[in-house]
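Asker:
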Amino acid sequence: MLLIRCPYCEEDRPELEFRHAGQAHIARPANMAEISDEEFEEYFFIRQNPKGLYFERWRHIHGCARFFNAARDTVSDKFVKTYKAGEKKPSVAKPKAPPAKRAAAQPASAKAAPKKAAPTKAAAKPARKAPAKRASTGGTKTRRGANKP
Amino acid sequence: MTAHRLPKAGRLTPAREVRFSFDGKAMTGLDGDTLASALLANDVHLVGRSFKYHRPRGILSAGSEEPNALVGIRRDAARQTPNVRATVQEIYDGLEAVSQNRWPSLSFDTGAVNDLAAPFFSAGFYYKTFMWPKLAWKRLYEPNIRAAAGLGAAPDEPDPDLYASRYAHCDVLIAGGGAAGIAAAVGAAEAGASVILADEQSEIGGALRFEAGASIDGQDGWSWARAQMAKLSAMPNVRVLTRCTVFGYHAQNMVVLAERLTDHLANPAPEMSRERLWQVRAKHVILATGAIERHMVFPGNDRPGVMLASAARSYLNHFGVAVGKRVGIYTANDSAYYAALDLKRAGQKVQAVVDLREDPKSAIVEEARAAGIEVLTGHGVVATNGRLRVSGMIARPRDGGRERSFSVDALLTSAGWTPSVHLFSQSRGKLAFDAGRQIFLPGENAQECASIGACSGMEDLAAVLDAGYAAGEQAARKVGGSASSTMRKVQSESWSGGMVGAGPGAGADDTSRAFVDFQNDVTAKDIRQAVREGMRSIEHVKRFTTNGMATDQGKTSNLHGLAIAAEALDKPIPEVGLTTFRQPFTPVTFGALVGHNRGALFDVTRRTPMHQWAENHGAVFEDVGNWKRAWYFPRAGEDKHAAVARECRTVRAAAGVFDASTLGKIEVVGPDAAAFLELMYTNPWQKLGVGRCRYGLMLREDGFIYDDGVIGRIADGRFHVTTTTGGAPRVLQHMEDYLQTEFPHLNVWLTSASEQWAVIAVQGPKAREIIAPLVEGCDISDEAMPHMSVRECRVGGAPARLFRMSFTGERGFEINVPADYGPAVMEMVWAQAQNHGACMYGTETMHVLRAEKGYIIVGQETDGTVTPNDCGLDWAIGKKKADFVGIRGLKRPDLVGGGRKQLVGLLTKNQKHSLDEGAQIVADPQQPKPMTMLGHVTSAYWSPTLGRSFALALIADGRARLGETLFVPMPGGKAIEVDVTGTVFYDESGEKLHG
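Protein chains in written order, with my numbering: chain A, 2 to 150; chain B, 4 to 998.
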């Protein structure tokens with residue numbers, strides 16, 4: 002079970018408290034009624050399924066009930082960053098594996114093996130273009146989540 | 004004392020005898036014995052029959068890697084556990100064990116004819132044979148194969164045992180309580196970390212159990228382990244879990260353990276849990292999982308009496324049992340020499356050590372020779388004798404030459420040690436191949452963990468202990484502890500050597516059967532055949548031969564199989580690859596995984612506030628999601644049909660009372676509440692007056708119907724939104740999603756109120772008369788409170804939101820009162836209702852009445868691909884609105900084009916015929932199959948009001964087909980003739996709604 006950091010609660014909480022909510026940073030076009038079929042297809046149907054860094058939405062449904070965004074490596078399942086809805090997409094490098102810590106056969110040399118440089122080739126791809134993006138609402142929201150008195 | 008228990012050997016107490024039975028035969032063992040050691044003490048080697056060939060099989064190992072010695076353990080009719088490894092099961096007084104996969108008896112098994120037919124049962128046999136005729140697979144081949152090949156039988160009664168479950172957090176979790184794990188636990192605990200040390204055996208100590216030559220700080224290894232156990236147990240920051248297998252390693256150091264609590268007890272208290280599942284989140288994990296000895300691959304290596312050298316040492320040094328009196332050894336590795344010397348010192352004859360190595364240089368080899376043991380180097384065992392027990396071994400020089408025969412009653416083998424990297428691999432760590440030693444070792448870590456001891460390839464005890472203490476201290480320091488190093492004086496055994504793959508006599512040109520995987524009966528020949536037939540990846544070889552696919556998951560066989568495949572492919576081992584290590588490390592019971600979540604606790608049951616009232620009146624309930632809803636209220640002598648017919652007629656003629664509490668309810672509040680609903684629903688809301696209601700239709704962005712419900716405006720900035728019973732959570736999620744992420748500029752607050760309001764629907768011509776005496780503070784006349792209006796008032800003294808609305812087509816009210824008032828108000832309403840000849844009704848009647856009016860139910864008439872237009876609900880879309888969720892989706896080409904399925908009514912030509920929901924509709928029942936299907940029936944009922952059956956259906960271009968005759972083909976070839984009609988069957992003008 003993953004531990005996920007809720008950027009509103011500022012705590013690592015177990016995956017059971019969260020619900021996945023699909024790809025992040027797909028803004029609903031402000032001129033929704035007027036967009037073309039192609040733009041609608043792009044907005045509603047087309048999603049990425051990358052091997053590596055992925056920006057996705059989660060909801061802390063059994064906690065503060067807020068939606069937030071996360072950058073996760075789909076290979077290692079490691080969360081690189083979680084951040085509030087409305088915040089700009091962070092520029093993050095491909096997550097590094099923790100340094101190798103295999104204990105060596107001889108205790109005298111039982112120190113960390115030389116670190117391998119993390120591969121960087123699968124760096125974050127530029128966000129796919131969404132049609133007629135609405136202006137960012139910039140995390141100005143202050144209301145607390147629903148379902149909480 | 005039994006025949007093979009030596010008086011002065013082992014650590015068990017001779018006075019503490021334990022009685023048990025095997026295949027009905029009474030035997031005795033000692034307290035602390037495993038079933039395997041107790042059987043061996045009784046000179047029983049033959050314990051099972053193999054999976055495929057029914058070959059006699061004995062005990063191979065002394066641990067959880069055991070592939071052969073699988074037995075059934077029986078406590079009572081419901082407590083019968085199949086496929087228990089005799090090497091793991093501890094005996095208790097009265098234990099009943101039975102052998103498996105044999106008929107009529109273990110020593111005479113008719114299934115053994117399979118062994119004679121073995122040439123026909125080679126790898127891939129099932130895939131190539133039994134192909135024709137097609138039907139015979141199901142009826143003939145499969146049942147017979149399943150009966151002949153297999154393991155034990157599961158009990159057919161429900162499991163009566165309890166299973167517990169716990170979550171835990173710790174600084175350092177240590178998997179494996181051998182020397183390395185103990186040292187790590189002490190190191191981490193003394194540095195102040197909170198520690199969990201888990202080991203699958205009944206006591207910690209690991210290989211010190213059999214390593215007689217080990218000594219630590221002047222104590223023998225096992226005594227040291229006992230002293231460390233006492234020390235650790237006394238520390239408040241340490242939890243030592245024995246009989247507890249770490250079987251799974253998930254992301255972020257989530258480690259899963261199964262602790263066996265009662266399987267070793269004679270009479271466990273009934274309230275004790277049989278097992279406990281631990282889910283531990285550790286800041287640091289130390290893997291000290293040890294290594295597993297491999298057998299040698301040679302012809303006839305599966306006879307009872309052939310076992311691992313380390314197992315023989317365990318049985319001798321711990322349990323005091325000599326596995327044979329005339330022992331042969333076949334090895335490629337030093338560790339087996341210790342077994343030879345231990346047995347010789349214990350007074351048993353060692354016939355010869357056959358060592359495949361040409362010139363082993365280790366001191367232990369000389370020690371064996373000096374002790375008078377014959378050592379044949381550069382030799383291999385090429386055959387064995389014996390049927391139900393090994394009786395001889397035949398050795399010859401590895402490259403051919405004179406054969407020598409030895410009389411043996413046990414043959415101990417060792418091909419070296421395979422590090423247990425299962426958990427490391429589960430943690431997604433990368434394995435590295437050590438070509439010199441021909442083993443896979445932990446490489447780069449993927450998580451906060453360290454591998455120490457034999458599982459990381461260490462062989463020397465002093466090094467293992469040092470690495471253990473260091474790893475423990477390091478882990479503790481990481482979580483804020485401080486180190487305190489201690490010096491130790493260690494004497495250890497030293498092992499080197501080892502080989503993978505098949506030995507002489509089992510080579511590419513040999514036709515003999517040398518077993519690689521005992522549990523699945525896979526031989527070296529089978530693996531070579533798989534390569535010959537085109538398997539290149541080890542994953543394919545594995546599946547074709549089933550090597551490593553038995554319940555032991557190839558703990559002793561995988562590396563051999565890989566080496567043989569690599570040799571046949573003429574490739575280095577790492578290029579052939581390694582099969583994936585998967586959970587669980589050893590088999591885990593479903594009980595442990597399920598815990599308490601079964602029976603009534605499997606899922607939540609939701610009951611409305613008036614549930615008891617309905618139960619008191621004899622309601623039959625139906626499950627709607629997690630809800631229990633009153634389905635119908637049969638009177639004496641009534642079946643469902645009669646009860647529903649009476650309820651329908653009574654509601655239409657007088658009135659009925661219905662519990663509608665399960666309806667989803669969301670309170671939408673705030674200055675922008677109306678603006679928000681404009682975006683969430685297709686309808687216009689800004690101009691809806693306070694005190695008025697409107698039917699709301701919710702779409703997804705793709706234009707398909709998502710939910711519906713009546714929404715009342717309580718105040719300017721306050722709406723009472725209702726949703727479908729099953730839809731409440733997802734509708735709230737949908738609203739929250741848009742509110743938080745797309746429309747955060749709107750000042751709105753959403754609150755789930757589904758369980759805060761009890762809802763009593765009173766429907767029928769007499770509805771107003773029934774509730775009138777109970778209502779205070781509001782005029783409920785038709786003029787003051789018309790259809791689709793809402794008032795805040797008091798009903799039966801309780802604060803209420805009173806809706807004038809109808810889901811039956813009759814004049815209706817829905818009384819919302821706070822949930823706790825529900826039962827009391829329901830009693831008052833029911834008392835009034837009886838004065839007016841009304842009845843109580845359930846969901847079935849509600850369905851019939853709403854369908855007569857053509858009201859849809861989302862999820863019944865719709866399936867996620869139905870548009871408002873399909874359902875004739877275009878009137879619910881605000882034509883002047885600039886935006887709402889779904890506005891663009893509705894214009895998609897597929898949604899506006901012709902040929903869409905539209906909701907229509909159906910009347911059968913024969914009034915008595917009723918249709919099945921889901922039945923397909925065609926234009927011509929005589930057309931060839933597959934027929935062109937026009938649509939399907941969504942709702943079908945008997946209407947007591949119409950005195951006939953009727954249905955709703957989605958039919959392609961349905962509204963253009965009004966008046967057409969279509970057909971519903973039924974099983975058996977008949978087709979029911981139907982007329983296409985409009986969707987409203989009752990009171991089309993709607994005047995009854997308005998009273």
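Note that the Cβ used here is the ideal one computed from N, Cα and C, for glycine as well.
Under the DSSP definition of a beta bridge, which residues are partnered with Met-3 of chain B?
Answerer: Nothing about residue 3 of chain B can be read from this structure; chain B reaches only from 4 to 998.
Asker: Can the beta-carbon of Trp-634 of chain B be found less than 8 Å from the beta-carbon of Ala-622 of chain B?
Answerer: Stepping through the second sequence from its first residue, residue 634 of chain B is reached at position 631. Stepping through the second sequence from its first residue, residue 622 of chain B is reached at position 619. Going by C-beta atoms, Trp-634 of chain B is nearer than 8 Å to Ala-622 of chain B.
Asker: What are the partner residues of Phe-68 of chain A, as DSSP defines its beta bridges?
Answerer: Start at 1 with the first residue of the first sequence, and residue 68 of chain A comes out as number 67. For Phe-68 of chain A, which the question treats as bridged, DSSP gives the partners A:Arg-60.
Asker: Step through the CB atoms of chain A and report whether any lies within less than 8 Å of the CB of Gln-743 of chain B.
Answerer: Here residue 743 of chain B refers to the residue found at position 740 of the second sequence. For Gln-743 of chain B, the nearest CB of chain A lies under 8 Å from its own CB, placing it at the interface with that chain.
Asker: If we count the other Cβ atoms within 10 Å of its Cβ and call it buried at 16 or more, is Ser-102 of chain B buried or exposed?
Answerer: Taking the second sequence and counting its residues from 1, one reaches residue 102 of chain B at position 99. So Ser-102 of chain B ends up on the buried side.
Asker: Spatial neighbours of Ser-64 of chain B within its chain, please: CB distance less than 6 Å, with the 5 preceding and 5 following residues excluded, ordered by chain position.
Answerer: Translated into positions along the second sequence, residue 64 of chain B becomes position 61. These residues qualify, in order along the chain: Thr-90, Leu-311, Ala-314.
Asker: On a Cα-Cα basis, can you pick out the residue from B:Ile-207, B:Ala-196, B:Leu-359 that is closest to Lys-286 of chain B?
Answerer: The residue you call residue 286 of chain B lines up with position 283 of the second sequence. Selected option, being the one with the closest Cα: B:Ala-196.
Asker: List in chain order: all unbroken alpha helix (DSSP H) runs of 4+ residues lying wholly within the region 728-814 of chain B.
Answerer: 731-740, 770-774
Asker: Would you say Arg-47 of chain A faces chain B, with C-beta separation under 8 Å as the test?
Answerer: Taking the first residue of the first sequence as 1, we reach residue 47 of chain A at position 46. In the sequence as displayed, the identity of residue 47 of chain A is Ile instead of Arg. Interface flag for Ile-47 of chain A against chain B is unset, since no Cβ pair is found closer than 8 Å.
Asker: Does any residue of chain B have a CB that is nearer than 8 Å to the CB of Ala-72 of chain A?
Answerer: Start at 1 with the first residue of the first sequence, and residue 72 of chain A comes out as number 71. Under the Cβ criterion of 8 Å, Ala-72 of chain A is not counted among the residues facing chain B.
Asker: Does the beta carbon of Gln-441 of chain B sit closer than 8 Å to a beta carbon anywhere in chain A?
Answerer: By 1-based counting over the second sequence, the position of residue 441 of chain B is 438. Cβ-Cβ to chain A under 8 Å: no for Gln-441 of chain B.
Asker: Measure the C-alpha to C-alpha separation of Phe-25 of chain B and His-425 of chain B and round it to an integer number of angstroms.
Answerer: Working through the second sequence from its first residue, we reach residue 25 of chain B at position 22. Working through the second sequence from its first residue, we reach residue 425 of chain B at position 422. Rounded to the nearest angstrom, the two C-alpha atoms are 33 Å apart.
Asker: Considering only DSSP beta bridges, list what Trp-420 of chain B is partnered with.
Answerer: Translated into the one-based positions of the second sequence, residue 420 of chain B becomes position 417. B:Glu-296.
Asker: Quick check on DSSP: helix, strand or coil for Trp-433 of chain B?
Answerer: Looking up residue 433 of chain B in the second sequence gives position 430. First, the amino acid is wrong: residue 433 of chain B is Lys here, not Trp. Residue state, collapsed to three classes: coil.
Asker: Would you please verify whether the beta carbon of Leu-4 of chain A is less than 8 Å from any beta carbon of chain B?
Answerer: The sequence position of residue 4 of chain A within the first sequence is 3, counting from 1. Output row for Leu-4 of chain A: interface = yes.
Asker: Which same chain residues, not among the five before or five after Asp-710 of chain B, have their C-beta less than 6 Å away from its C-beta?
Answerer: Along the second sequence, read from residue 1 onward, the residue named residue 710 of chain B stands at position 707. Shown here for Asp-710 of chain B: same chain residues with a beta carbon closer than 6 Å to its own, the five before and five after excluded, namely Met-701, Thr-726, Thr-727, Gly-730, Val-734, Val-861 in chain order.
Asker: Under 8 Å Cβ to Cβ from Asn-750 of chain B, same chain only, skipping five residues before and after it: list those, please.
Answerer: Walking along the second sequence from the start, residue 750 of chain B turns up at place 747. Cβ within range, chain order: Gly-673, Pro-674, Asp-675.
Asker: For Asn-117 of chain B, which of helix, strand or coil comes out of DSSP?
Answerer: For the purposes of this step, residue 117 of chain B is taken as residue 114 along the second sequence, with counting starting at 1. Looking at Asn-117 of chain B - three-state DSSP - the assignment turns out to be helix.
Asker: At a cut of 8 Å, does the region 239-259 of chain B reach the region 216-223 of chain B through at least three beta carbon pairs?
Answerer: no
Asker: Let me make sure I understand the geometry here. Which of B:Gly-501, B:Gln-556, B:Leu-562 has the alpha-carbon closest to that of Ile-530 of chain B?
Answerer: Numbered from 1 along the second sequence, position 527 holds the residue referred to as residue 530 of chain B. Cα-wise, what sits closest to Ile-530 of chain B is B:Leu-562.
Asker: Report back the beta-carbon spacing between Phe-80 of chain A and Arg-14 of chain A to the nearest angstrom; my notes put them in contact at under 8 Å.
Answerer: By one-based count along the first sequence, residue 80 of chain A stands at place 79. By one-based count along the first sequence, residue 14 of chain A stands at place 13. That pair is no contact at about 12 Å.
Asker: Taking contact to mean 3 or more Cβ pairs, one atom from each stretch, closer than 8 Å, check whether the region 162-181 of chain B and the region 92-101 of chain B are in contact.
Answerer: no
Asker: Could you check where the alpha helix (DSSP H) with Pro-826 of chain B kicks off and where it finishes?
Answerer: On the second sequence, position 823 is the one that residue 826 of chain B refers to. Per DSSP, Pro-826 of chain B belongs to the alpha helix (DSSP H) from 825-838.
Asker: Can the beta-carbon of His-48 of chain B be found less than 8 Å from the beta-carbon of Arg-212 of chain B?
Answerer: Along the second sequence, one-based indexing puts residue 48 of chain B at 45. Along the second sequence, one-based indexing puts residue 212 of chain B at 209. Cβ distance not < 8 Å, so His-48 of chain B and Arg-212 of chain B don't count as in contact.
Asker: Apply the 10 Å Cβ neighbour rule to Asn-819 of chain B and answer buried if 16 or more other Cβ atoms are within range, or exposed otherwise.
Answerer: Translated into the one-based positions of the second sequence, residue 819 of chain B becomes position 816. Asn-819 of chain B is buried by the Cβ-count criterion.
Asker: Between which residues of its own chain and His-63 of chain A is the CB-CB distance below 6 Å, once the five residues before and five after are set aside?
Answerer: Reading the first sequence from its first residue, position 62 is the one you call residue 63 of chain A. Once the five neighbours on either side are set aside, the close Cβ partners of His-63 of chain A are Glu-18.
Asker: In chain B, which residues lie less than 8 Å from Gly-87 of chain A when you measure between Cβ atoms?
Answerer: Working through the first sequence from its first residue, we reach residue 87 of chain A at position 86. Those within 8 Å of Gly-87 of chain A in chain B are Thr-744, Pro-747.
Asker: Measuring CB atoms only, is the region 441-461 of chain B touching the region 602-615 of chain B, in the sense that at least three cross pairs come out at less than 8 Å?
Answerer: Touching, no.
Asker: Grab me the residues of Gln-863 of chain B's own chain with a C-beta within less than 7 Å of its C-beta, minus the 5 sequence neighbours each way, in chain order.
Answerer: Reading the second sequence from its first residue, position 860 is the one you call residue 863 of chain B. Result list for Gln-863 of chain B: Thr-941, Ser-942, in chain order.
Asker: In chain order, what residues of the region 408-434 of chain B put their CB closer than 8 Å to some CB of chain A?
Answerer: Arg-431
Asker: In its own chain, which residues sit with a C-beta less than 6 Å from the C-beta of Ile-332 of chain B, not counting the 5 before and 5 after it?
Answerer: The residue labelled residue 332 of chain B in the question sits at position 329 within the second sequence. Apart from the 5 residues on each side of it in sequence, Ile-332 of chain B sits with its Cβ closer than 6 Å to the Cβ of Ala-339, Ala-343, Val-356, Leu-415 in its chain, given in chain order.
Asker: Using three-state DSSP, classify Ile-455 of chain B as helix, strand or coil.
Answerer: If you number the second sequence from 1, residue 455 of chain B lands on position 452. It is coil, neither helix nor strand.
Asker: Taking only three categories from DSSP, how would you classify Gln-494 of chain B?
Answerer: Here the question's residue 494 of chain B lines up with position 491 in the second sequence. Gln-494 of chain B: strand per DSSP, three-state reduction.
Asker: How long is the line joining the alpha carbons of Pro-999 of chain B and Met-934 of chain B, rounded to whole angstroms?
Answerer: Given a span of 4 to 998 for chain B in the structure shown, any question on residue 999 of chain B remains unanswerable.
Asker: Span of the alpha helix (DSSP H) holding Ser-226 of chain B?
Answerer: The residue you call residue 226 of chain B lines up with position 223 of the second sequence. Taken as a continuous stretch (DSSP letters only), the alpha helix (DSSP H) holding Ser-226 of chain B covers 224-236.
Asker: Within the same chain, show all residues whose beta-carbon is closer than 6 Å to that of Gly-484 of chain B, passing over the 5 residues directly before and after it, in chain order.
Answerer: In the second sequence, residue 484 of chain B corresponds to position 481, counting from 1. Cβ-Cβ distances below 6 Å link Gly-484 of chain B to Ala-194, Gly-195, Ala-196 in the same chain, with the five nearest sequence neighbours on each side left out; the list follows chain order.
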